[in-house]
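With the first letter of the sequence shown counted as 1, position 50 gets the number 70 in this note's numbering; the numbers rise by one all the way through. Every residue gets a Cβ at the ideal spot worked out from N, C-alpha and C, and that includes glycine. Here the structure is a predicted model, which is why all the values come from computation and not from measurement.
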Amino acid sequence: DAILEERARELAFEGKRWFDLLRMGRRNDYSRKSRLIEIIVSNVPSTQRRILATKLTNPQGWFLPIFETEVERNPNLVQNPYYIF
């Protein structure tokens with residue numbers, strides 16, 4: 021927690037906070053998640069807004085898929101459930 025708080029102070033206004041919250045698994049604690057999703061979606065072409073908004077509102081969609089070649093190479097890796105078809 022101390023490291024996360026220090027990064028928040030030191031890197032304020034540099035656009036790193038959201039990614040720190042994702043990496044540390046604290047994304048559900050973000051108080052204005054819906055506003056952040058609105059901002060992100062507003063910068064996307066209109067044809068893809070609905071798709072992106074759906075993915076961002078589902079917490080499982082916030083993590084990127086692991087490359088298939090990496091999953092094949094390492095039997096300990098498990099693909100993120102959101103990307104298993």
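Check your understanding: What are the start and end residues of the alpha helix (DSSP H) that includes leucine 76?
Key -> Walking along the sequence shown from the start, residue 76 turns up at place 56. Unbroken alpha helix (DSSP H) run through leucine 76: 69–77.
Review point. Just curious, the alpha helix (DSSP H) that serine 54 is in, first and last residue?
Key: Translated into positions along the sequence shown, residue 54 becomes position 34. Start and end: 53–62.
Check your understanding: Is there contact between the segment 72–79 and the segment 94–101, where contact requires at least three CB pairs shorter than 8 Å?
Key -> no
**Study point:** Secondary structure of proline 101, DSSP reduced to three states
**Key:** On the sequence shown, residue 101 is found 81 positions in, with the first residue counted as 1. If DSSP states are grouped into helix, strand and coil, proline 101 belongs with the helices.
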